[in-house]
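Asks: Residue numbers for the sequence shown follow numbering that gives the first Met the number 0, so the first one is 0 and each next one is one higher.
Glycine residues also receive a C-beta, built at the ideal position from the N, C-alpha and C atoms.
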Amino acid sequence: MAFLLPVRQSVLLLVVVRCLTPKRTRPYTPRTNGKAERFIKTLLAEWAYSMPFQTSGERNQWLPRYLAIYNGRRCHMALAGRTPIQQLGW
0 MAFLLPVRQS
10 VLLLVVVRCL
20 TPKRTRPYTP
30 RTNGKAERFI
40 KTLLAEWAYS
50 MPFQTSGERN
60 QWLPRYLAIY
70 NGRRCHMALA
80 GRTPIQQLGW
């Protein structure tokens, strides 16, 4: 999962550039973090269990592709049919 390091760095850079304040939620309390819980449910359904991967490594190779689709092409009802990239104005 070496790809996570660049992702983490990108997120940290985004937080700094956009002057965002990370928001912490109480651990082990899904009801206080509904958006993240929904994302995890979607991730499992549309990526992790959507195809019969032969190995975990193969599944992990698909994650960056899935995230690119999720953020750049997949319309989200919570965003009025827009993609997250469109919502951010990128």
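Taking DSSP's pairing of strands, which residues face Arg81 in a bridge?
Replies: As a position in the sequence shown, residue 81 is number 82, starting the count at 1. Beta-bridge pairing links Arg81 to His75.
Asks: Apart from the five residues on each side of it in sequence, which residues of its chain come closer than 7 Å, Cβ to Cβ, to Met0?
Replies: To locate residue 0, count along the sequence shown from 1; it is residue 1. Confidence in Met0 is poor, its pLDDT being 48 and thus under 50, which makes the residue's placement unreliable; the coordinate value appears in the next sentence. Asn59, listed in sequence order.
Asks: Identify which residue in Ala79, Ile84, Glu57 and Gly56 has its Cα closest to the Cα of Tyr69.
Replies: For the purposes of this step, residue 69 is identified with residue 70 of the sequence shown, where counting begins at 1. Ranking Ala79, Ile84, Glu57 and Gly56 by Cα distance to Tyr69 puts Ile84 first.
Asks: How is the alpha helix (DSSP H) around Lys34 delimited, first residue to last?
Replies: Within the sequence shown, residue 34 is the residue found at index 35, counting from 1. Where Lys34 is concerned, the enclosing alpha helix (DSSP H) stretches over Gly33 to Leu42.
Asks: Using the Cα positions of Lys34 and Pro51, report the straight-line distance between them to the nearest angstrom.
Replies: Residue mapping note: residue 34 aligns to position 35 of the sequence shown, counting from 1. Residue mapping note: residue 51 aligns to position 52 of the sequence shown, counting from 1. Roughly 27 Å between the two C-alpha positions.
Asks: From the DSSP output, in three-state form, read off Tyr65 for me.
Replies: Reading the sequence shown from its first residue, position 66 is the one you call residue 65. Looking at Tyr65 - three-state DSSP - the assignment turns out to be helix.
Asks: I need the DSSP call for Ser55, collapsed to helix, strand or coil.
Replies: The sequence position of residue 55 within the sequence shown is 56, counting from 1. In this structure, Ser55 counts as helix in the three-state DSSP scheme.
Asks: Assign Pro26 to one of three DSSP states: helix, strand, or coil.
Replies: Here residue 26 refers to the residue found at position 27 when the sequence shown is read from its first residue. Per DSSP, reduced to three states, the secondary structure at Pro26 is coil, with no helix or strand assignment.
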